[in-house]
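Here's the structure we're looking at; comments come further down.
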Amino acid sequence: MTLPWDFGATIKDYCYASLGDVGRALSKGFKGVERDLSSARIKVHPEVYFSVVAALAIASALVPAAILAAAVSGAIPLGVLPGGGVLPLVAATFLLPLLVLGGGILFPKIKASNRISNLKIEIPYASMYISVMVSGGLSPFESFRRMGKMSLLPNMQEEVDGIETIVMSTGMDPLSAMEQTAKTVEIKEFKELLLGYASSVRTGGDTLHYLFNQTHNMFKGLASTVRAKGETAAMLMEAYTIVGILGVLGLFLVFVVGLSIPTAGVSIGSSTFFLFSFVVLPALSFVFIYLGDIIQFNYPLSNWSAYYATIPSIAVGLALATQLVLPFFQNKPLPRLAVALSNARAMAGMPEGTEACLGITICLLAVALPSWVADYYFAGRDGNVSEGVTLFLRDMVEVRKSGLSPERCIEALAHRDYMGFTRHLRDISTKMNWGYPLRQIYEELSHKVRNWLALVNLYLLLDTIEVGGGTEESIETLAEFSEATKLLEKEKRAALMPLILVPYIGCLLLTGTTLMFLGFFTSSNLGISVA
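What follows is the structure, encoded as structure tokens:
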């Protein structure tokens, strides 16, 4: 259902009309937000933006203030209030608006930072696209304009739209518009690409040679970035090993020693130990997983197919937790699973009291295994498609040198084995013979293939054929850059592969050491048992 008015614009207009003075004051106090809004491509005036933030801050204060007023007037008993008094509500009334204001100041900065990070990944592939199009006979500026239709590079699309807007609205020549845009984006590679191209055209230099060299240099820089991210991930994994494994191991040992020797004075309460083991430690693991996801090398397109198995797995894991973990802390319905778990524990010869640990292990396996299987399948399938596309492009270059047209080259190569790409190649060849438009062929293929690198290479190939007839030089250029991306992927896997073993080694170390100490204190008759 479509609203007859722009609801977002109406809210902004109302906030600015009511809190315009506050917005102007905040805009003058935080001048850097205007630059962040521009970098984040948030198309709103700073005064209007701060007016909306001020409205949200006031709204956040109204809720605890209303509850506080109801409690003071006696409408709500003080006993039901969080903390048992009015002090938390008073603190929330004053702190929530400050938190909202701080979030409003940081939001454009965070969004701009994420956009710049994504743009850094897209720039080498944008340069590759321009180089391939120019080698096929298209002018660089027309290549820029065609790139505005390429949904695989969403951030570069916005930059191209900005350049076209400057040219169409101000009458500025394209080179000057590129130079103006390059000065507003704080990315070295982006500045070098646009300013260098503009300088090459003005001085009459070899533009194609410049684009080729610039693209090769960008891919070398991207490889260095991948290696640096691998080193950062290694440092993060070491930090997780220290905090999440060695720190937990020390806490477990303190707990065991405290139980065995109460007079030592270093005991930890059972509730504190339970809280740390089942709440703090999993939360800490999720934090490190999130940090690892932030620093890794992410492409604009992600394959979410594996998550289709994760969502029902989480539901199954939670359902199992209610029957395999909670019954050992308080009686719940359906105790049969808990009884079966106790029988399995007894058959395995494990001491009494380990049922809850076994239950949570089974729950975590129920969540993780389906997701792992799905991710292994989809990642392997997409990897085979990407590698098959690279092999196909190299073979197509050799066949193209014989004088066959690009369409005939695809038809001739459709019967070869290109791993996961074979069936898609045969589908492309069949549709070309039937007279399908190239754009329609790509759109249908993009719904079947979810590997970003493979889609970029195929888009460039079909676009090259559509624009310049798929000359030998342009396909050769595309094959070279495709092989460069293949090497880049190999370097990324090589940098991250050793880190996969670190959590498992740490887990074995933690589990083995804990069991050894438990066995030692139990066999020494120091008054400790697992139960």
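Under the working numbering, the first residue of the sequence shown carries the number -9, and numbering increases by one thereafter.
In this text, a Cβ means the ideal position worked out from N, Cα and C, and glycines have one as well.
These figures come from a predicted structure and were not determined experimentally.
So, under 8 Å CB-CB, residue i and residue j are touching, yes? Tell me the CB distance rounded to an integer number of Å.
{"i": "lysine 178", "j": "phenylalanine 287", "result": "Going by Cβ atoms, the distance from lysine 178 to phenylalanine 287 rounds to 18 Å, so no, they are not a contact pair."}
{"i": "leucine 79", "j": "leucine 58", "result": "4 Å"}
{"i": "leucine 403", "j": "valine 387", "result": "Actually they are not in contact, since the Cβ atoms of leucine 403 and valine 387 sit about 11 Å apart, beyond 8 Å."}
{"i": "glycine 378", "j": "methionine 409", "result": "4 Å"}
{"i": "alanine 30", "j": "proline 98", "result": "5 Å"}
{"i": "glycine 307", "j": "leucine 354", "result": "7 Å"}
{"i": "alanine 356", "j": "serine 436", "result": "The Cβ separation is near 34 Å, so there is no contact."}
{"i": "glycine 126", "j": "threonine 351", "result": "Actually they do not touch by this definition, with Cβ atoms about 58 Å apart."}
{"i": "serine 8", "j": "proline 36", "result": "Going by Cβ atoms, the distance from serine 8 to proline 36 rounds to 17 Å, so no, they are not a contact pair."}
{"i": "glycine 13", "j": "alanine 44", "result": "6 Å"}
{"i": "asparagine 293", "j": "aspartate 372", "result": "6 Å"}
{"i": "glycine 234", "j": "phenylalanine 278", "result": "7 Å"}
{"i": "asparagine 534", "j": "glutamate 401", "result": "Any answer about residue 534 is impossible in this case: the structure gives the chain only from -9 up to 521."}
{"i": "threonine 205", "j": "serine 103", "result": "In fact, because the Cβ distance is near 25 Å, the residues do not count as touching under 8 Å."}
{"i": "leucine 212", "j": "isoleucine 285", "result": "Not really, about 15 Å apart at Cβ, beyond 8 Å."}
Take the Cβ of residue i as the centre, count every other Cβ of all protein chains shown within 10 Å, and call the residue buried at 16 or more, exposed below.
{"i": "leucine 143", "result": "buried"}
{"i": "histidine 414", "result": "buried"}
{"i": "aspartate 163", "result": "exposed"}
{"i": "proline 323", "result": "Low confidence applies to proline 323: its pLDDT is 49, below 50, so where it sits in the model is not reliable enough to give any reading."}
{"i": "phenylalanine 131", "result": "buried"}
{"i": "methionine 337", "result": "exposed"}
{"i": "tyrosine 298", "result": "exposed"}
{"i": "leucine 452", "result": "buried"}
{"i": "cysteine 399", "result": "buried"}
{"i": "tyrosine 367", "result": "exposed"}
{"i": "glutamate 441", "result": "Here the sequence assigns asparagine to residue 441, which means glutamate is not the residue at that position. With 16 or more Cβ atoms within 10 Å of its Cβ, asparagine 441 is classed as buried."}
{"i": "threonine 380", "result": "buried"}
{"i": "asparagine 447", "result": "buried"}
{"i": "tyrosine 4", "result": "exposed"}
{"i": "aspartate 26", "result": "buried"}
{"i": "valine 270", "result": "exposed"}
{"i": "alanine 172", "result": "buried"}
{"i": "threonine 0", "result": "exposed"}
{"i": "glycine 349", "result": "buried"}
{"i": "asparagine 333", "result": "exposed"}
{"i": "threonine 454", "result": "buried"}
{"i": "phenylalanine 411", "result": "buried"}
{"i": "methionine 506", "result": "exposed"}
{"i": "alanine 56", "result": "exposed"}
{"i": "glycine 22", "result": "exposed"}
{"i": "valine 53", "result": "exposed"}
{"i": "proline 427", "result": "exposed"}
{"i": "valine 329", "result": "exposed"}
Can you give me the Cβ contacts of residue i inside the same chain, cut-off strictly under 6 Å, excluding the 5 residues immediately before and after it?
{"i": "tyrosine 6", "result": "Val38, Ser41"}
{"i": "glycine 147", "result": "Just to set this straight, residue 147 is glutamine in the shown sequence, not glycine. Hits under 6 Å: Gly138."}
{"i": "alanine 474", "result": "Phe209"}
{"i": "phenylalanine 471", "result": "Met118"}
{"i": "isoleucine 113", "result": "Glu179, Phe180"}
{"i": "glycine 94", "result": "Val43"}
{"i": "methionine 123", "result": "Ser133"}
{"i": "glutamate 182", "result": "none"}
Residues in its own chain within less than 8 Å of residue i by CB, not counting five upstream and five downstream?
{"i": "glycine 502", "result": "none"}
{"i": "leucine 77", "result": "none"}
{"i": "arginine 135", "result": "Val150, Glu154"}
{"i": "lysine 2", "result": "Val34, Val38, Ser41, Val42"}
If you measure from the beta carbon of residue i to each beta carbon in chain C, is any gap under 8 Å?
{"i": "arginine 14", "result": "Looking at the structure shown, chain C is missing, and only one protein chain is on hand."}
Apart from the five residues on each side of it in sequence, which residues of its chain come closer than 7 Å, Cβ to Cβ, to residue i?
{"i": "alanine 469", "result": "Leu383, Arg384, Val387"}
{"i": "valine 191", "result": "Leu165, Thr197"}
{"i": "phenylalanine 263", "result": "Phe245"}
{"i": "leucine 450", "result": "Tyr119, Val122, Leu468"}
{"i": "phenylalanine 266", "result": "Leu241"}
{"i": "leucine 486", "result": "Gly220, Ala223"}
{"i": "tyrosine 432", "result": "Leu448, Tyr449, Leu452"}
I want to check one thing, is the minimum distance from the CB of residue i to the heavy atoms of the ligand PLP below 7 Å?
{"i": "glutamate 182", "result": "Among the components of this structure there are no ligands whatsoever, and the ligand PLP is therefore not found."}
Kindly provide the ranges of any alpha helix (DSSP H) runs that are 4 or more residues long and lie completely inside the region 403 to 431, ordered along the chain. Unbroken alpha helix (DSSP H) runs of no fewer than 4 residues, entirely contained in the region 403 to 431, are found at 412 to 423, following chain order.
Enumerate, from N- to C-terminal direction, the unbroken beta strand (DSSP E) stretches of 3 or more residues contained entirely within the region 346 to 370. List check, beta strand (DSSP E) in window: nothing returned.
Counting only runs that start and end within the region 102 to 149, where is the beta strand (DSSP E) found for 3 or more residues in a row? Runs found: none.
Which ranges would you report for the beta strand (DSSP E) in the region 25 to 92 if only whole runs of at least 3 residues count? Whole beta strand (DSSP E) segments, 3+ residues: zero.
Quick one: which unbroken beta strand (DSSP E) runs of 3-plus residues sit fully inside the region 253 to 305? Chain order, please. Listed in chain order, there is nothing to give.
Can you list, in chain order, the stretches of the alpha helix (DSSP H) that have 4 or more residues and sit fully within the region 157 to 242? Fully enclosed alpha helix (DSSP H) runs of 4 or longer: 164 to 174, 178 to 193, 197 to 230.
Beta strand (DSSP E) runs contained entirely in the region 441 to 501, provided each spans 3 or more residues: Taken in chain order, the complete beta strand (DSSP E) segments of 3 or more residues contained in the region 441 to 501 number zero; there are none.
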